[in-house]
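Numbering (this note's numbering), first residue to last: 415 to 739. Don't be surprised by glycine CBs; every beta carbon is placed ideally from N, CA and C. For clarity, every value in this text was computed on a predicted model and none was experimentally measured. A short write-up of the structure that comes next.
Listed below in structure tokens is the structure:
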């Protein structure tokens, strides 16, 4: 991602290090002390009625699909870009253990919210998966499947979280959702600082978006399920969420750091069966279409009987003129 391509819809952004980019000289206190602070909360009626989901409007600018120097993608670190910098994936955050406390801090509320997509009513009471976990690649149907709520909080859940974190770090990522390893349940793990700062992992089970800020910015994203594919996606800069931790304890997070908020929204989309290219502006989508089609053809060659959701065909004028973007 080219640093000058950072889009900021409001104040408070850092144009030098937009989404995916890491300033290794930056002190982590902003995340460690401001983004997270332990907060337990009661399930009252007003809290339950405030569920909202981030705005899914298209981004405002185009991208060229190329990560720039030091670009950290949500998918993982690869040596790419004009400057030869390393790309880092969606990572996790210091001090947030799978079964430990999740932190949050005071956050201004925003009135412009939208109704949360209804979660699946059924809750699984037994978790099953095959070890070692493997990253599920697009267009595997499991990435589009319904993800069940989790109703069991025992050693199996803690073990699944542990294995997901290991896979995430193995691919140098900063975040991972359960469906990305073929387990269709509503759980995510992340660490904004990545494997460079182990011990800061956050595990969220059955997360819900309570409130999303009106301010948005576009930034380049990648995904472990989409190797070597990058594109700009517009996300809310601040977001409030509620969930339970790996022990079943309720937590509320007020993510006021744009990078952390972006990580959460990317992983939350996976739990909704939404993939990051679904949110790309048409012009940006066209830059990654060939790579998406290549992954589709590769998958269908290996599994010809599979039913997949392909990338939408570009809109074309039926009359004279250029194709509509």
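#1: Need the endpoints of the alpha helix (DSSP H) that residue 668 sits in, please.
#2: What residues in its chain sit with their C-beta under 8 angstroms from that of residue 567, if we drop five residues either side in the sequence?
#3: If you count every other CB in all the chains shown that lies within 10 Å of the CB of residue 652, and 16 or more means buried, which is it?
#4: Is the region 694-702 in contact with the region 550-562, if contact means three or more CB pairs nearer than 8 angstroms?
#5: Is residue 578 closer than 9 angstroms to residue 754 when the C-beta atoms are compared?
#6: Taking the alpha carbon of residue 648 as the reference point, which residue from 617, 692 and 685 has its own alpha carbon closest?
#7: When the Cα of residue 565 is compared with those of 706, 608, 541 and 586, which residue comes out closest?
#8: Got a sec? Which residues, its chain only, sit under 6 angstroms from residue 552 by beta carbon, not counting five neighbours each side?
#9: Express the C-alpha separation of residue 719 and residue 711 in angstroms, rounding to a whole number.
#10: Under three-state DSSP, which class holds residue 646?
#11: Taking DSSP as the reference, what is the three-state secondary structure of residue 661?
#12: Do you know how far the Cα of residue 730 is from the Cα of residue 615?
#13: Going by C-alpha to C-alpha distance, which of 550, 630 and 706 sits closest to residue 592?
#14: Buried or exposed: which applies to residue 683, given that a residue is buried once 16 or more other Cβ atoms fall within 10 Å of its Cβ?
#15: Starting from residue 612, trace the alpha helix (DSSP H) in both directions and tell me its first and last residue.
#16: In the DSSP assignment, what are the bridge partners of residue 563?
#17: Pull the bridge partners of residue 654 from the DSSP assignment, please.
#18: What do you reckon, are the CB atoms on residue 597 and residue 629 nearer than 9 angstroms?
#19: Could you name the residues that DSSP lists as bridge partners for residue 601?
#20: Would you report the Cα separation of residue 671 and residue 627, rounded to the nearest angstrom?
#21: Assuming the contact rule is C-beta atoms closer than 8 angstroms, residue 633 and residue 701 should be a hit. Round their C-beta distance to whole Å, please.
#22: Relative to the C-alpha of residue 584, which residue among 601, 548 and 571 is closest?
#23: Please report the distance separating the alpha-carbon of residue 727 from that of residue 576.
#24: Ignore the nearest five residues each way along the sequence and tell me which others in residue 539's own chain have a CB closer than 8 angstroms to its CB.
#25: Which residues does DSSP list as the beta-bridge partners of residue 633?
#26: Could you spell out where the beta strand (DSSP E) holding residue 638 opens and where it closes?
#27: Exposed or buried, what is residue 544 when buried is set at 16 or more other beta-carbons lying within 10 Å of its beta-carbon?
#28: Count the other CB atoms within 10 Å of the CB of residue 613; is the residue buried (16 or more) or exposed (fewer)?
#29: Any idea what DSSP makes of residue 590, helix, strand or coil?
This is what the structure gives:
#1: Where residue 668 is concerned, there is no enclosing alpha helix (DSSP H), although the beta strand (DSSP E) it sits in stretches over 664-669.
#2: 619, 658, 660, 661 and 662
#3: buried
#4: no
#5: Residue 754 is absent from the structure shown; the chain starts at 415 and stops at 739.
#6: 692
#7: 541
#8: 639, 640 and 709
#9: 12 angstroms
#10: strand
#11: coil
#12: 45 angstroms
#13: When 550, 630 and 706 are compared, the shortest CA-CA separation from residue 592 is found for 550.
#14: buried
#15: Counting along the chain, residue 612 falls outside any alpha helix (DSSP H), and DSSP gives it neither H nor E.
#16: 537.
#17: 625 and 668
#18: no
#19: 619
#20: 12 angstroms
#21: Contact between residue 633 and residue 701 fails: their C-beta atoms lie close to 15 angstroms from each other, not under 8 angstroms.
#22: 548
#23: 39 angstroms
#24: 565 and 566
#25: 647
#26: First-last for residue 638: undefined, no H or E at that position.
#27: exposed
#28: exposed
#29: strand
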